[in-house]
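Novice:
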Amino acid sequence: MSHHLLLVEDETNIIEAIRFLLSREGWEVDTHSNGTDAAEVIRDLKPDIVILDVMLPGKNGFDILEELRAHEQTADLPVLMLTARGQSRDREMAEKAGVSRFMTKPFSNTEVLNAVRDMLCLHRQQS
Amino acid sequence: MTSLNVLIAVCMAYVALLFGVAFAAERAGVRGRADWLLRSPLVYTLSLSIYCTAWTFYGAVGNAARSGLEYVTIYLGPSLVIIGWWWILRRLVRIGRSHKVTSVADLISSRYGKSNTLAIVVTIMAVIGVTPYIALQLQSVALSLSIFSSAETGGVPDPETSRAGGLWIAIGLALFTVLFGTRNLNANERHHGVVIAVAVEAVVKLIALLAVGVFVVWGVAGGLSATMARIDASALGTWQTDGSRWATLTLLSATAFLCLPRMFQVMVVENDDERHLQVASWAFPLYLMLMSLFVVPIAVIGLEVLPAGSNPDFFVLSLPLSEGREGLAMLSFLGGFSSATSMVIVATLALSTMVSNHVVMPVFLYLRQGGATQSGDVRDVVILSRRLSILGIIGLGYIYFQASGGSGALAAIGLISFAGVAQFLPAMLGGLFWRGATRVGALAGLAIGFSVWMFTMLLPSFGPGVVFSAETFASGLWGIGWLNPQALFGIAGLDPTVHAVFWSLSLNVLGFAVFSLISFPLPLERLQGAQFVNVFDHSGQARGWHASFAESEDLLIMAQRILGAEEARHLFETQTRAQGMPGHLPEPTPDFLQRLERELAGSVGAATAHAMIGQIVGGTAVSVQDLMAVADESAQMLEYSSQLEAKSRELSRTAGELRRANEKLTQISLQKDAFLSQISHELRTPMTSIRAFSEILRDTDGLRPLEKTKYASIINTEAIRLTRLLDDLLDLSVLENGQVTLNRQSGNLGDLLDQAIATAQASEAREITIHRRRLDETITLNTDLDRLAQVFINLITNAQKYCASETPELRIEAARHGETVVIDFRDNGNGIPDEAREMMFEKFSRIGAQDSNGAGLGLAICREIMVRLGGDVSYLDDSGGTAFRVMMPQTLALAAQ
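Those sequence lines, one after another, are chains A and B.
Count along the first sequence from 1, add 3, and you get the number used in our numbering.
Count along the second sequence from 1, add 1030, and you get the number used in our numbering.
1. For the 8 Å Cβ check, are there 3 or more pairs between the stretch 1297–1305 of chain B and the stretch 1120–1128 of chain B?
2. If we ignore side chains and look at the alpha-carbon of each, how far apart do Gly1479 of chain B and Leu1418 of chain B end up?
3. Can you list the alpha helix (DSSP H) stretches of 4 or more residues lying completely in the stretch 1410–1483 of chain B, in chain order?
4. Which complete beta strand (DSSP E) runs does the stretch 1714–1786 of chain B hold, if anything under 3 residues is left out?
5. Alpha carbon to alpha carbon, what distance is there between Pro1735 of chain B and Asp79 of chain A?
6. Straight-line CA distance for Pro1071 of chain B to Arg1305 of chain B?
7. Return the residues of the stretch 50–69 of chain A that lie within a Cβ-Cβ distance of less than 8 Å from chain B, sorted by chain order.
8. Assign Met1031 of chain B to one of two classes, buried (16 or more other C-beta atoms within 10 Å of its C-beta) or exposed (fewer than that).
9. Based on the DSSP secondary-structure assignment, which residues constitute the bridge partners of Ser1904 of chain B?
10. Mind checking whether Ala1844 of chain B and Ile1809 of chain B have CB atoms under 8 Å apart?
11. Among the residues of its own chain, which have a CB less than 8 Å from the CB of Leu1197 of chain B, if the five just before and after it don't count?
12. Is it true that the CB of Asn1858 of chain B sits closer than 8 Å to the CB of Gly1780 of chain B?
13. Please list, in chain order, all residues of the same chain as Ser5 of chain A whose beta carbon is under 7 Å from its beta carbon, the five residues on each side excluded.
14. For the beta strand (DSSP E) that contains Glu1839 of chain B, what are its first and last residues?
15. Would you kindly check if the distance between the Cβ of Val1152 of chain B and the Cβ of Ser1140 of chain B is under 8 Å?
16. Got a sec, what are the start and stop residues for the beta strand (DSSP E) Ile1118 of chain B sits in?
17. Answer yes or no: does any C-beta atom of chain B fall closer than 8 Å to that of Lys99 of chain A?
18. For Ala20 of chain A, go through chain B and note every residue whose CB falls closer than 7 Å to its CB, in chain order.
19. Can you tell which of B:Val1134, B:Ser1369, B:Ala1329 has the C-alpha that lies nearest to the C-alpha of Pro1350 of chain B?
20. Hey, is Glu95 of chain A's beta-carbon within less than 8 Å of any beta-carbon in chain B?
21. 8 Å is my cut-off, CB to CB: does Ser111 of chain A come that close to chain B?
22. Suppose you measure from the CA of Ser91 of chain A to the CA of Gly38 of chain A; what does that come to, to the nearest Å?
23. Starting from Val1897 of chain B, follow the alpha helix (DSSP H) in both directions and report where the run begins and ends.
24. Determine the burial state of Leu1970 of chain B: buried for a count of at least 16 other Cβ atoms within 10 Å of its Cβ, exposed for fewer.
25. Whose Cβ in chain A lies nearer than 9 Å to the Cβ of Thr1929 of chain B?
26. List the endpoints of the continuous alpha helix (DSSP H) containing Met84 of chain A.
27. Taking only beta-carbon atoms, is Phe105 of chain A less than 8 Å away from chain B?
28. I want to verify the contact list: residues of chain B whose CB lies under 9 Å from the CB of Gln90 of chain A, in sequence order.
29. Helix, strand or coil: how does DSSP classify Thr1606 of chain B here?
30. Nearest to Gly1365 of chain B by alpha carbon, out of B:Arg1754, B:Val1228, B:Gly1777, B:Lys1144?
31. How big is the Cα-Cα spacing for Phe1855 of chain B and Gln1775 of chain B?
32. With a cut-off of 8 Å, do at least 3 Cβ pairs link the stretch 1036–1043 of chain B to the stretch 115–124 of chain A?
33. Identify the continuous alpha helix (DSSP H) that holds Glu1868 of chain B and give its terminal residues.
34. Just verifying my parser: in three-state terms, what is the DSSP assignment at Thr1153 of chain B?
35. Taking contact to mean at least 3 C-beta pairs separated by less than 8 Å, is the stretch 1313–1331 of chain B in contact with the stretch 1469–1486 of chain B?
36. Is there a Cβ of chain B sitting closer than 8 Å to that of Leu8 of chain A, yes or no?
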């Protein structure tokens, strides 16, 4: 079965790299590059997993995540957060906001793939 | 009994003579005649001899017969003072005269801010202290009378005669003092009558004692050499006096000479001319020497010739009597009588002035408060209160004489008095020489010293069982060991006199010093203190402000010192105009004085202002110079307090600056955190692409060649981006450290702008329409053109990136003002919000949160570059959009680098 993933990221080259990786696994990948309406788009598209950048134009990843968790529909949605800021406080903030997985850029392709696979399994077991 | 009757008749005649002399002197004084005598230094010196009372006349011989040479101390102390300490006396006399001081109490009270409490305390202490002394005189006259009568009857002295004699003598002395001591109302007017009488008595007692001495040496002992031989043979010369007692007695007599109310009376109050002290300084010691000349011979011969058990205090009398020389005995009696009466009269006079001025009058005025006090009224009351005081004081002496049994050794009684009045010394001398002495200190010292004296000397003098029980003497008050009146604090074994003087004076001095140091003087105390301590600086003659004009002038000078010249002049001029007078000095009317006082009170406080006006207008106690000194002092205080205010303003300004700096630092610190995140993001983002695509290239099989090329070129672009970022950071760091090397070139501004726009448009995709006026741009620049272009590129790129308009436009305007070139960059966007402007040129600052790609280094680099080029870049808030102004000199001064 095909899984549906949404990548929220504003850096074109990174979008291209992640899309390449995930598509090869046979998953359906959508992208969105603006923070302002990201939560809305996620609720509309209803992806199985969201990969979320922190520094986005309009609204940062933490705020978007909080918004998702506050909404019934997306309260349990698996979210993999990627950040380039690399400060320890960011991880705390992400966990507080209810992140599923947290990774610092630059990431290893394998790690990202494994993380997504894990999250998909967990997600399937839960539902 | 005939000779006793003759004696009494002679006494009467003598007293009548004294009355006559006193009366004549009084009349002469009033009419201003015989001034050469009344105001002569000789009379002054002789009047000082009231120091020699019956104690010295009779008691010295007794003292010598009992204790050997100890009697010398009583003469030594005053001689030392008048020879060695004449400058203290001069100061006392100067102060006494310029302040119209009437007594010791008045002196101490005026020094400490005219404190009434202090005056009352000193008065009471003086009365208590001098009472034994008066009793001593009564006792000596009464005993000498009874010795006369017993020599008559051949029996022992009859106590009844002596007691009755004491009473009559007391009454007679009171009468004389009342008649001659209270004729003048003004206490500080000279009592010429009394002084002349005292001088006559001084001559009489000297002649009497010398006559007895001559008689004893040549009449009884048989010549000078025989007398010397007898003295050598006597044990008297070998009696040793304890060193501490010797020193204590010398100190005591010196102190008493200064502090005794009657000494103060003749020395200071009755002094007509300061220069009299010069004569007195040699004549008085000479007088004392003559008085003491025959003391030892009389004592030695008396001990030898007279039957054992004779009272040695009266050898002077009993020796001639035993030899049958009644005439000489009578002269001797008159000498003793003179000594006693002169002392009692002057002492009572001095004390009554104190009692009436400091105790009775204040009470009377307090009780009469509200009722109009006619001057005649008060005059009668003053005279009455003085007369009653005289009676009361002599009465007290008589009571002490009766209570103490009239039997003590004269010297011992005298010493009690000496030690009592010695308690005035610290407050008196401290007040003359130490400006820091305060009222509280003086009160404390006096109270402590006097209490200790009462406890250790006066009360024990009545003997066991009268005031203190026998146990108190044995084991201390209430059985407390260290409260033993003769071994205070457990220090036993001292001579009782030494013990009492040591403790009372040292505790007195300690209390005076400590309480003066911890208390703060009142304004009037400060004034008086300055006046007393600096008496020779500016007292001169006592000043009176008779002319009202002079008063106004003084008031003006004082007001100027306090209010400032301008304000004082204005105040006075207004008042002068109001009074319809010419010039600038108004009449010192009560209205004006009240107004001035209010004005001054605003500056120096009500009390000081009141005192100042009062002193100038009332015109006695304080000199103008002292007021000026105080005025200067308060001007300094005002100056100081305004300095303090300025300091405090400066401090709060500094605190404000610190607060702002701190806020800025906090903001910078937050920005630094934000920058670290930002720089991390800026570095990690290209790295992420590089890593991701390099892993793809490495791990993915079967990539098409086109894909491989694409991914490799992404890696390449991102690596370049990374490099550029690092370059910017390094650039900024170099610029900030001032390590940059500028490279001056010559070029046209228009060409430079062309170049910058081209570069900006090539690196940033977003289009922007640029408006220029090429004509204005034909300016030749001599500066680092590459750096300047960097600034231009930055500003243009910023406009491209951040201009919020749908159709972004940038207007570039150049102008030259003399040597200065100004280039403005204005876009049609929304501008930069106010709160961001302050920090926009700081590095790492980014306008808006995280919605742009810049690292926040651009403007910081721009500013650094422009500063290096001797110019500046600033934000212009005169238009709707974002506008920057670049300013710089047309030619870069390399020397400045």
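Glycine included, C-beta positions come from ideal geometry on N, C-alpha and C.
Specialist: Answer, in terms of the structure:
1. Short answer: they touch.
2. Residue mapping note: residue 1479 of chain B aligns to position 449 of the second sequence, counting from 1. Residue mapping note: residue 1418 of chain B aligns to position 388 of the second sequence, counting from 1. Going from the Cα of Gly1479 of chain B to the Cα of Leu1418 of chain B covers about 29 Å.
3. 1440–1452, 1454–1463, 1469–1483
4. 1775–1778
5. To locate residue 79 of chain A, count along the first sequence from 1; it is residue 76. To locate residue 1735 of chain B, count along the second sequence from 1; it is residue 705. Each residue's alpha carbon lies about 42 Å from the other.
6. The residue you call residue 1071 of chain B lines up with position 41 of the second sequence. The residue you call residue 1305 of chain B lines up with position 275 of the second sequence. Their Cα atoms are separated by approximately 8 Å.
7. Met58, Leu59, Pro60, Gly61, Asn63
8. What you label residue 1031 of chain B is simply residue 1 of the second sequence in a count that begins at 1. With a pLDDT of 44 at Met1031 of chain B, under the threshold of 50, the predicted position of this residue should be treated as unreliable, and no value is reported.
9. For the purposes of this step, residue 1904 of chain B is identified with residue 874 of the second sequence, where counting begins at 1. In DSSP, Ser1904 of chain B forms a bridge with B:Arg1915.
10. Here residue 1844 of chain B refers to the residue found at position 814 when the second sequence is read from its first residue. Here residue 1809 of chain B refers to the residue found at position 779 when the second sequence is read from its first residue. Cβ atoms of Ala1844 of chain B and Ile1809 of chain B: closer than 8 Å.
11. Here residue 1197 of chain B corresponds to residue number 167 of the second sequence, with the count starting at 1. Answer for Leu1197 of chain B: Tyr1428, listed in chain order.
12. On the second sequence, residue 1780 of chain B is found 750 positions in, with the first residue counted as 1. On the second sequence, residue 1858 of chain B is found 828 positions in, with the first residue counted as 1. Their beta carbons are not under 8 Å apart, which means Gly1780 of chain B does not touch Asn1858 of chain B by this criterion.
13. As a working mapping, residue 5 of chain A is identified with position 2 in the first sequence. Gly29, Trp30, Glu31.
14. Taking the second sequence and counting its residues from 1, the one referred to as residue 1839 of chain B is at position 809. Element bounds for Glu1839 of chain B: 1839–1847.
15. By 1-based counting over the second sequence, the position of residue 1140 of chain B is 110. By 1-based counting over the second sequence, the position of residue 1152 of chain B is 122. Not closer than 8 Å, so no.
16. Translated into positions along the second sequence, residue 1118 of chain B becomes position 88. Not the beta strand (DSSP E): Ile1118 of chain B falls in the alpha helix (DSSP H), residues 1116–1128.
17. Residue numbering aside, residue 99 of chain A sits at position 96 when the first sequence is read from its first letter. Not an interface residue.
18. Locating residue 20 of chain A in the first sequence gives position 17, counting from the first residue. Ordered by position in chain B, the residues that pass the 7 Å Cβ test against Ala20 of chain A are Ser1719, Ala1722, Phe1723, Ile1726.
19. By 1-based counting over the second sequence, the position of residue 1350 of chain B is 320. It is B:Ala1329.
20. Within the first sequence, residue 95 of chain A is the residue found at index 92, counting from 1. No, Glu95 of chain A lies away from the interface with chain B (no Cβ there is under 8 Å from its Cβ).
21. Within the first sequence, numbered from 1, the residue matching residue 111 of chain A stands at position 108. Yes, because at least one Cβ of chain B sits closer than 8 Å to the Cβ of Ser111 of chain A.
22. Locating residue 91 of chain A in the first sequence gives position 88, counting from the first residue. Locating residue 38 of chain A in the first sequence gives position 35, counting from the first residue. Taking the straight line joining both Cα atoms gives about 22 Å.
23. As a position in the second sequence, residue 1897 of chain B is number 867, starting the count at 1. Start and end: 1888–1898.
24. The question about residue 1970 of chain B has no answer, for chain B in this structure spans 1031 to 1927.
25. No statement about residue 1929 of chain B is possible, as the shown extent of chain B runs from 1031 to 1927 and does not include it.
26. By one-based count along the first sequence, residue 84 of chain A stands at place 81. Note, Met84 of chain A: premise wrong, no alpha helix (DSSP H); beta strand (DSSP E) at 82–86.
27. Locating residue 105 of chain A in the first sequence gives position 102, where the first residue counts as 1. Not closer than 8 Å to any Cβ of chain B, the Cβ of Phe105 of chain A fails to qualify, so no.
28. Your numbering for residue 90 of chain A matches position 87 in the first sequence. Those within 9 Å of Gln90 of chain A in chain B are Asp1703, Leu1706, Ser1707, Ser1710.
29. Counted from its first residue, the second sequence places residue 1606 of chain B at position 576. Here Thr1606 of chain B sits in helix by DSSP.
30. Within the second sequence, the letter at position 335 stands for residue 1365 of chain B. Ranking B:Arg1754, B:Val1228, B:Gly1777, B:Lys1144 by CA distance to the CA of Gly1365 of chain B puts B:Val1228 first.
31. The sequence position of residue 1855 of chain B within the second sequence is 825, counting from 1. The sequence position of residue 1775 of chain B within the second sequence is 745, counting from 1. Looking at the two C-alpha atoms, the distance is approximately 23 Å.
32. no
33. Position 838 of the second sequence, counting from 1, holds the residue named residue 1868 of chain B. For Glu1868 of chain B, no alpha helix (DSSP H) segment is defined, and its DSSP state is neither H nor E.
34. What you label residue 1153 of chain B is simply residue 123 of the second sequence in a count that begins at 1. Helix.
35. no
36. What you label residue 8 of chain A is simply residue 5 of the first sequence in a count that begins at 1. No - not a single Cβ of chain B is within 8 Å of the one on Leu8 of chain A.
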